[in-house]
Structures are given as structure tokens and as C-alpha cells.
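Here's the structure, in C-alpha cells; my notes come after.
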Amino acid sequence: MARRAPAGAELTRSAPAHWPGLNDRVWVEVQLPDTLGGEAVRLPTRVEDAVGGTLSVAAPSFRGDLHVVAPGLAVTVAWAGPRGQSRQDFLIAEVVRRRVPSWDLAPCSDVVVEQRRRYARVPAVGEARISPVAGDPLQLEADSADAVPEPVLTARLIDLSEGGSAVSVRSGSWLRLGRLARVSFDLEGYPVDQVGQVVRALDSLDPDLVEAVVAFTEPVPAADRLRRYVMQTQIRTRRGDR
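Count along the sequence shown starting at 1, add 60, and that's the number in this note's numbering.
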């Protein structure tokens with residue numbers, strides 16, 4: 061069965077200040093019923109409006125949507141914000157049929173900021189290569205055949221953890237909040253190549269640089285190697301403090 065509101069769920073009426081803004085890209089997660097496979101689908105869309113306690117998003121299309129989408133359906137909205145990767149549970153209050161079909165969503169939980177870099181992290185040195193990811197909904201659409209592809213960026217590693225990395229890149233690049241990115245670097249002689257999402261992007265002390273935090277998308281093939289590197293670095297640091 062498609063996921064519905066839990067019994068006794070109360071709708072939150074106020075619109076949090078840290079909700080995504082008009083035209084911001086978000087992801088909507090919908091649980092399909094068993095008759096359609098039972099899996100959860102994650103669909104890119106954008107914010108159409110946010111008035112009072114209702115968030116309106118453009119209606120994403122997916123297999124079986126005509127049979128699943130209806131008022132009362134529980135969905136989860138995820139977005140990248142200044143505080144990091146955020147998510148919140150909603151109920152579809154109304155399915156609006158207009159030139160751009162949309163869902164009016166009423167929140168039924170608080171906003172949760174996912175601490176995806178909850179792992180211990182340590183300083184790192186060296187260069188990383190940052191590549192755009194095909195299919196990224198935030199990727200700039202090519203307006204003409206003369207559009208220049210987004211380049212591979214050269215970044216400086218700041219720190220590493222099992223769950224992500226902080227890097228420093230030149231300001232004005234395509235690497236910004238919410239973007240998907242492939243981070244590639246050498247770690248003690250072994251290659252690490254991992255896709256993630258930019259969950260923070262802040263100006264650095266150098267006005268020409270931006271510091272971005274990329275939270276790795278699970279699974280992380282190099283998780284064991286990263287964990288070992290973090291532990292060994294922590295041990296060396298403790299020994300140096302004695």
C-alpha cells in the first residue's frame with residue numbers, strides 16, 4: 061500500500077523560515093504500493109509557492125502516479141539548505157490541475173537536518189578533481205549547441221571523513237549548494253572516486269575561494285579505507301600532542 065498519514069498525525073501550520081524558496085530544486089520521495097513494486101522513488105522537482113503553512117511543488121511524473129497521488133498521501137521532501145541536507149514529511153493536501161500541475165503539501169513533522177557528516181573527520185592535504193554528475197537536476201540546461209560543458213574542477217582538500225569531504229575551489233564555479241558532484245582523489249596511494257551532494261558552500265577567508273562540503277552518497281565503496289585513514293590520522297595527532 062502507498063504510505064498514508066499515521067493515525068493521529070497533526071499538521072504543522074507555520075511555514076519554517078528555512079524552507080526552500082520559490083523555484084528552488086527539491087526532491088520528493090514517494091512510497092509506491094505493492095502492486096507497483098513497493099519501492100520508494102525519489103523524484104526531482106521545484107518549489108512553486110510557499111504560503112503560510114503550505115508548500116507547493118510542481119507535480120513530478122512517475123510510473124503509476126495516476127493511481128497513487130491523491131490528497132492524504134504521505135511524501136517526504138528533501139532539499140539542500142544553509143544548515144545542510146534537510147528533509148520533512150508532508151501530506152498531499154490538494155492536487156492542483158493547472159498549466160503546471162502541482163501538489164499543495166501540508167507538513168506533518170518538523171524539519172530534520174541530516175548530519176550526513178556525523179562521522180569523525182580529520183584534516184587532509186592534496187588535490188581533488190570535482191566533476192559534474194549527469195542527470196543532476198540543478199545542472200544548467202544547455203540553451204544552445206554552443207553551450208560550454210561544465211569543466212572538471214581542481215580543488216584543494218580541507219578535511220575528510222567516512223561520510224564526506226570539505227574542499228576549497230575557485231569562486232564562480234558551477235559547484236554550489238545542492239549540486240551533485242563526483243569527487244576523485246588519491247588517498248595514500250589508492251584512488252577514491254565518490255559521488256555526493258554539496259550540502260554547504262561558504263565563502264572562505266580568501267575572497268577568491270569557496271569552501272564546499274560534499275556529503276557522499278551511500279554506498280561509499282572506499283568507506284573502509286576512509287575510516288582507516290581517519291583513525292590513523294587521529295592516532296598520529298594524539299601522539300603528537302603528548
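Idealized CB from N, CA, C, for every residue including glycine.
Here the structure is a predicted model, which is why all the values come from computation and not from measurement.
Please classify A188 as buried or exposed, where buried requires at least 16 neighbouring CB atoms within 10 angstroms.
Per the 10 Å Cβ criterion, buried.
In this structure, does DSSP put V118 in helix, strand or coil?
Checking the displayed sequence, the identity of residue 118 turns out to be Ala instead of Val. Strand at A118.
Tell me, which residues are paired with E187 by DSSP?
R216
Of the residues L213, D125 and L165, which one's Cα is nearest the Cα of W79?
Nearest neighbour of W79 by Cα position, chosen from L213, D125 and L165, turns out to be L165.
Assuming E89 and T136 make a contact with CB atoms under 8 Å, what is their CB distance in whole Å?
4 Å
How far does the beta strand (DSSP E) with D253 in it extend, from its first residue to its last?
Y250 to D263
Contact belief for Q294 with V182 at Cβ below 8 Å, rounded distance in angstroms
6 Å
Give the straight-line distance between the Cα atoms of P281 and V252, rounded to the nearest whole angstrom.
Distance between the alpha carbons of P281 and V252: 8 Å.
Straight-line Cα distance separating V258 from P167
25 Å
Using only alpha-carbon positions, find the residue among R106, D94, D84 and A119 that is nearest to R158.
A119
When you compare each of T105, A138, G81 and F122 to V111 by their alpha carbons, which one comes out closest?
Of T105, A138, G81 and F122, the residue nearest in Cα terms is G81.
Which runs of the alpha helix (DSSP H) at least 4 residues long sit entirely within the segment 80-143? Give them in chain order.
The qualifying runs are 125-128.
Inter-residue Cα distance where the pair is P267 and D284:
36 Å
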